[in-house]
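Q: Mind having a look at this structure? Questions to follow.
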Amino acid sequence: ASGDAYPNKYNVKLEKGDYTIRHQIRHEKKDLLEKLTDLPILLSHKLATPITVDAYGSQSQALIGGKKLTSAILPTGKYTLPIYIAPLPSDKLQKIGTTGHYLQGTIVYSKDDVGKKVDSYPFKYILAEPGKKSSSKNTNEKTKQEEYEEALRDLQVSWLSKLDNSEAAEQLYKELCTRYPDHLAVHTAMLAHLEPDTGREWPGSAKPLNPTQLARLQTVAQAVISGVDATELLVHLGTKSDQRPDAPKIKQTMDRQKTALIDA
């Protein structure tokens with residue numbers, strides 16, 4: 001298909017596929033033509049599924065997706081009523097286009113069908129550049145040696161609670177505390193060894209409690225409590241929505257600390 005300066009006179013229907021558009025311009029001065037080589041081209045097409053946007057009466061409600069503006073009555077005379085349009089969800093925008101695209105439609109302010117047909121106004125929605133998610137995979141990549149040491153540590157911690165020999169457990173606990181003083185799982189595993197769920201002695205039971213074991217439990221439990229930053233944990237629990245890039249990792253860490261603190 002081809003045309004001239006009046007593109008509306010030349011229409012062609014194309015099947016779905018990839019096409020190349022070539023725009024040729026003739027002029028007697030070559031230097032002027034060279035300035036046009038990098039000009040963008042503006043294309044318009046209909047969406048397969050129309051998109052509607054929500055209107056709000058205030059900026060704060062539009063930002064949080066609160067109460068929508070369904071109707072408003074304006075007094076006669078000069079009166080201005082601002083209307084705020086909420087941003088489209090990012091999942092919809094990814095299917096439509098990227099930066100440099102915009103959506104064009106109409107907006108109407110009348111409720112009756114006749115008014116909607118005769119009183120409409122053009123509306124444009126500019127697609128902004130999507131927010132870039134910082135990737136922490138490259139910065140936090142671990143070497144094979146580090147992975148091996150962590151796997152060995154986790155294996156030793158898991159066996160600490162399973163050992164039947166108290167002396168062997170105490171020896172392993174001291175070694176782990178020396179090598180990993182800030183690893184909370186070491187202390188929680190020792191608590192599980194000192195007082196497993198199957199052999200737990202509850203207050204008021206017929207079996208007397210061992211004072212030596214109670215003192216040891218208190219010492220290890222205090223190590224767990226000291227290893228948890230209570231202020232940081234409370235701040236995390238009081239946060240409604242964590243928008244930090246590493247929020248899932250932080251939540252996982254805080255959940256572990258919360259469980260350990262409850263056990264202690």
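Okay, so the sequence shown: first residue is 1 according to full-length UniProt numbering, each after it adds one.
Heads up, the beta-carbon is just placed ideally off N, CA and C, and yes, glycines get one too.
Could you give the first and the last residue of the continuous beta strand (DSSP E) run that contains proline 122?
A: Here residue 122 corresponds to residue number 122 of the sequence shown, with the count starting at 1. Counting along the chain, the beta strand (DSSP E) containing proline 122 begins and ends at 120–126.
Q: On the criterion of 16 or more Cβ atoms from any shown chain inside 10 Å, does tyrosine 56 qualify as buried, or is it exposed?
A: Numbered from 1 along the sequence shown, position 56 holds the residue referred to as residue 56. Burial call: buried.
Q: If I'm right that histidine 27 touches isoleucine 41 with Cβ under 8 Å, what's the distance once you round it to whole angstroms?
A: Here the question's residue 27 lines up with position 27 in the sequence shown. Here the question's residue 41 lines up with position 41 in the sequence shown. Not really, about 18 Å apart at Cβ, beyond 8 Å.
Q: In chain order, what residues of the same chain have a beta carbon less than 6 Å from the beta carbon of serine 120, not counting five sequence neighbours either side?
A: Reading the sequence shown from its first residue, position 120 is the one you call residue 120. Excluding residues within five positions, the ones whose Cβ falls inside 6 Å are Thr106, Val108.
Q: So, are the CB atoms of lysine 116 and tyrosine 102 less than 7 Å apart?
A: In the sequence shown, counting from the first residue as 1, residue 116 sits at position 116. In the sequence shown, counting from the first residue as 1, residue 102 sits at position 102. No; because the gap between Cβ atoms is not below 7 Å, this pair is not in contact.
Q: Could you check what DSSP says for valine 108 in three-state terms: helix, strand or coil?
A: Along the sequence shown, one-based indexing puts residue 108 at 108. Strand.
Q: Can you check whether the C-beta of proline 40 is within less than 7 Å of a C-beta belonging to chain B?
A: Reference to chain B is not applicable here, since this structure consists of a single protein chain.
Q: Within 8 Å, do at least three Cβ pairs link the stretch 45–59 to the stretch 68–84?
A: These segments touch.
Q: Less than 7 Å between the C-beta atoms of alanine 264 and valine 235, yes or no?
A: Against the sequence shown, residue 264 aligns to sequence position 264. Against the sequence shown, residue 235 aligns to sequence position 235. Taking 7 Å as the Cβ cut-off, alanine 264 and valine 235 do not qualify as a contacting pair.
Q: If you reduce the DSSP assignment to three classes, tell me which class isoleucine 51 lands in.
A: Counting from one through the sequence shown, the residue named residue 51 turns up at place 51. Coil at isoleucine 51, not helix or strand.
Q: Using a 10 Å radius around the Cβ and a threshold of 16 neighbouring Cβ atoms, would you call tyrosine 173 buried or exposed?
A: Looking up residue 173 in the sequence shown gives position 173. Burial call: buried.
Q: I'd like to know if the stretch 214–231 and the stretch 247–263 are in contact, where contact means that at least 3 CB-CB pairs between them fall below 8 Å.
A: Touching, per the Cβ criterion.
Q: Cβ atoms of leucine 155 and histidine 193: under 7 Å apart, would you say?
A: Working through the sequence shown from its first residue, we reach residue 193 at position 193. Working through the sequence shown from its first residue, we reach residue 155 at position 155. No, the pair does not count as a contact, with Cβ atoms beyond the cut-off.
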